[in-house]
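Residue numbers (our numbering): 721 to 981. Single-structure report; data block below.
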Ligand code: NAP
């Protein structure tokens, strides 16, 4: 796969993708907003794994920043062989009384950016006849739990369509659908997780290892853990009225707006 470009590499699943890819001897391009965190990570990866780690700070809700990342994906200098579209966030607000500007930023980050970067990567990779695109969806994409579920449903369907179009080109597209995973996601989104059972939680290390194994074998759909494979199978066959009755928006912790949208 050569060089891997990971969005949202400063924390959570993206940080874990960066570590596992570097440990597997891939050079990495690290993308997120927090340049300090990315620079520290790049130093650690270079020292520990002996790979080259580039830092590419970008706000992926900003069209000019997204265009710079797309340019890096098209570059023939140290060509990117794996794109991991991972950056994302939870808004945890109701839609009707929520802030529509925050909704627009979430849509930009988890839908438009995924589309634009996939387009840049797919074009460059098909010209070279090899490469892989990994988009991070969610089990939530099978539910009806707010605009987040809609964004992740889009990521799944988009990736399946892309995989179909890429067949025979040497380039693959995979969508990974994690369940609840220990990262900074819930704290940043001020999402109350107190009522989630311990058994619902996955470790980032396991989610990333499963996703990368599925990318290596060219799978289109990746659902880490038996638990969430079972949950997903159930969500696929259940009547939508039953799916709609399950889960949904809960008031943010301390009823404060999410700070990081
Ligand atoms: P996290 O720990 O909060 O990390 C989110 C990452 O996204 C950070 O590196 C953050 O970096 C980056 N990011 C956020 N907004 C950005 C922006 N505007 N521009 C560039 N980068 C931005 O969350 P996570 O759980 O690892 O989430 C990774 C992906 O997994 C997301 O797509 C999420 O929807 C998905 N997911 C998570 C779970 C879960 O339970 N954790 C479950 C299913 C799916 P900066 O702040 O430095 O920009």
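For each residue, glycine too, the CB sits at the ideal point set by N, CA and C. Note that the structure is predicted; figures quoted are calculated from it, not measured.
| Which word fits residue 739, buried or exposed, when buried means at least 16 other C-beta atoms lie within 10 angstroms of its C-beta? | buried
| query | Name the DSSP bridge partner or partners of residue 851? | reply | 891
| request: Report yes if the CB atom of residue 866 is closer than 7 angstroms to the CB atom of residue 876, and no otherwise. | output: no
| field | Local Cβ density within 10 Å of residue 961, reported as buried at 16 or more and exposed below that | value | exposed
| query | Where DSSP assigns a beta bridge to residue 805, which residues make up the other side? | reply | 855
| query | Do residue 824 and the ligand NAP come close, with the Cβ less than 6 angstroms from some heavy atom? | reply | no
| By DSSP, does residue 927 sit in helix, in strand, or in coil? | helix
| task | Can you give me the Cβ contacts of residue 966 inside the same chain, cut-off strictly under 6 angstroms, excluding the 5 residues immediately before and after it? | result | none
| query | Who are the Cβ neighbours of residue 979 in its own chain at under 7 angstroms, not counting the five residues just before and after it? | reply | Residue placement at residue 979 is poorly supported in this model, since its pLDDT is 46, which falls under 50; the coordinates still yield a value, given next. Excluding sequence neighbours, residue 979 sits near nothing in its chain.
| field | According to DSSP, residues forming a beta bridge with residue 901 | value | 922
| task | Determine the burial state of residue 887: buried for a count of at least 16 other Cβ atoms within 10 Å of its Cβ, exposed for fewer. | result | exposed
| query | Where does the unbroken beta strand (DSSP E) through residue 749 begin, and where does it stop? | reply | 748 to 752
| request: For residue 812, verify whether its CB is less than 6 angstroms away from any heavy atom of the ligand NAP. | output: no
| Cβ of residue 856 versus every heavy atom of the ligand NAP: is any distance shorter than 6 angstroms? | yes
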